[in-house]
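Quick notes on the structure that follows.
In the UniProt record's numbering, the protein residues as written are 1 to 225.
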């Protein structure tokens, strides 16, 4: 007789190791499915079948398999509301100082430019200045740079010019252009002819009191013979 996790027998009442519950029945069903799937795909001697069932059942009953890993909750830190510029975090500007001519000259190298805001090297300085909320003109004015201070190194400018030359940018290749149709040329010629002033006629189309008036005649009209 089963009484809340105990079994009564002739020798007295013996407490079970684990109370019988619906979970045990589920473990039995899971054990059967696992063993059947293993036997279907593997060769197993009949003598080892009992050992396999016991091993699977113990594995399913192990409390370690039913433990749920509880992660420590992560407390979200408050992020200050900032406006993002150029898909990156904006950076604070540094106070301006008086630069020497040597510092300005050394900041312009063949392959990079030195930014006075953070001291890093860049090939496209104008794009990087947006992180500080500066335009090229504002950057030049802040640091006392000349008006023609470059925003790209010379090597990068040459590289872009070479790419543009290879792609024939700014040029129109007329050798591969399709010839114009004859109808288009004729229509253009007719349009030009319509714009020309009309040629004088020998006789005007206006009828006067004296009849048809010859072009240039003044006074009495003369009829054409």
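Here a beta-carbon is modelled for each residue, glycine too, at the ideal position from N, C-alpha and C. Because the structure is a prediction, the values reported are computed rather than measured.
The C-beta of residue 45 has fewer than 16 other C-beta atoms within 10 Å across all chains shown, which makes the residue exposed.
Here residue 135 is exposed, its C-beta having fewer than 16 other C-beta atoms within 10 Å. Between residue 108 and residue 150, the C-beta gap is smaller than 8 Å, which places the two residues in contact. Residue state for residue 44 is assigned as coil, using DSSP reduced to three classes.
Residue range 49-61 is occupied by the alpha helix (DSSP H) that includes residue 49. Rounded to the nearest whole angstrom, the CA to CA distance from residue 155 to residue 95 is 30 Å.
For a cut-off of 8 Å, the C-beta gap from residue 38 to residue 52 is around 7 Å, short enough to register as a contact.
Rounded to the nearest angstrom, the gap between the Cα atoms of residue 162 and residue 168 is 10 Å. Ranking 111, 28, 139 by CA distance to the CA of residue 158 puts 111 first. Scanning its chain for C-beta atoms nearer than 7 Å, with the 5 sequence neighbours on each side dropped, one finds around residue 122 the residues 112, 113, 115, 128, in chain order.
Our two residues, residue 98 and residue 139, have alpha carbons roughly 13 Å apart in a direct line.
For the pair residue 54 and residue 25, the Cα-to-Cα distance works out to about 15 Å.
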